[in-house]
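The sequence shown runs 368 to 555 under our numbering.
Presented below is the structure to which this report refers.
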Amino acid sequence: MNRGLAIYPGSFDPTTNGHLDLIERGAKIFEELVVAILRNSEKSPMFSVAERLEMLRELTAHLKNVRIETFDGLMVEYAKSMEAMCILRGIRAISDYEYELQMALMNRKLEPTLETVFMMPADKYSYVSSRLVREVAQAGGPVKGLVPEVVERKLREKLDPAYKFHDGMHEVAPGVAGGKEKKRKKRA
Ligand code: PNS
Numbered sequence: 368m369n370r371g372l373a374i375y376p377g378s379f380d381p382t383t384n385g386h387l388d389l390i391e392r393g394a395k396i397f398e399e400l401v402v403a404i405l406r407n408s409e410k411s412p413m414f415s416v417a418e419r420l421e422m423l424r425e426l427t428a429h430l431k432n433v434r435i436e437t438f439d440g441l442m443v444e445y446a447k448s449m450e451a452m453c454i455l456r457g458i459r460a461i462s463d464y465e466y467e468l469q470m471a472l473m474n475r476k477l478e479p480t481l482e483t484v485f486m487m488p489a490d491k492y493s494y495v496s497s498r499l500v501r502e503v504a505q506a507g508g509p510v511k512g513l514v515p516e517v518v519e520r521k522l523r524e525k526l527d528p529a530y531k532f533h534d535g536m537h538e539v540a541p542g543v544a545g546g547k548e549k550k551r552k553k554r555a
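If you want it as structure tokens, here you go:
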């Protein structure tokens, strides 16, 4: 058993500023933190596992004791295979508690030696969830401040593939995008 190792499992579809806040807090407490993205989620995700992995790796590159991995099947089995001592989960508001308690107790039933540790992200993120971020972005609303910039950009690229092309054009030849750029600014 590695007492200094914790697993922070989740879907991270996409990573929000709340997730990142929790990762940074967890990294201060545990010697090593493995952020584990669930691969076999039943939900149809917005971002592929590879995309989520890439974004999280970029976002946590400054945290030397944080690793991003993926897992399949039962979380407790994965945690055991990593010899982790505990699971880290975030609780934003009381509404999270019931589900998290249920999950923690089920995980304890499955593996009594594994502990779940709850931490609270900054209160300014207490209403931020991946589901709401997806919903707002899909409806064309702004998600600035709710997700890291790289995620904001990826969301825009995903929902409006022309954005990526436009961005590239702007970098290579400023001004060439001309009218298109004006149109974009109006919509943003
Ligand atoms: O970010 P999410 O979607 O709230 O994370 C949920 C997650 C991935 C932690 C949970 O669904 C999970 O651990 N799934 C793996 C399968 C499993 O172990 N299920 C039993 C949980 S009690």
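Note that beta-carbon positions come from the ideal geometry of N, C-alpha and C, so glycine has one too.
Would you give the residue range spanned by the beta strand (DSSP E) that Ile374 belongs to? Asn369 to Gly377
Compute the beta-carbon to beta-carbon distance between Met368 and Glu482, rounded to the nearest angstrom, for a pair I have assumed lies under 8 Å. Their Cβ separation, rounded to whole angstroms, is 11 Å, which puts Met368 and Glu482 out of contact at 8 Å.
Distance between Ala471 and Arg419 (C-alpha atoms, nearest Å): 24 Å
As a quick exercise: from Ala428, Ile404 and Met413, pick the residue whose alpha carbon is nearest that of Tyr445. Ile404
Please return the same chain residues whose Cβ sits closer than 7 Å to the Cβ of Val518, not counting the five positions on each side in sequence. Pro381, Thr382 and Met422
What distance in whole Å lies between the Cβ atoms of Leu400 and Leu455, which are believed to be in contact at a cut-off of 8 Å? 7 Å
State buried or exposed for His429, treating a residue as buried only when at least 16 other CB atoms are found within 10 Å of its CB. exposed
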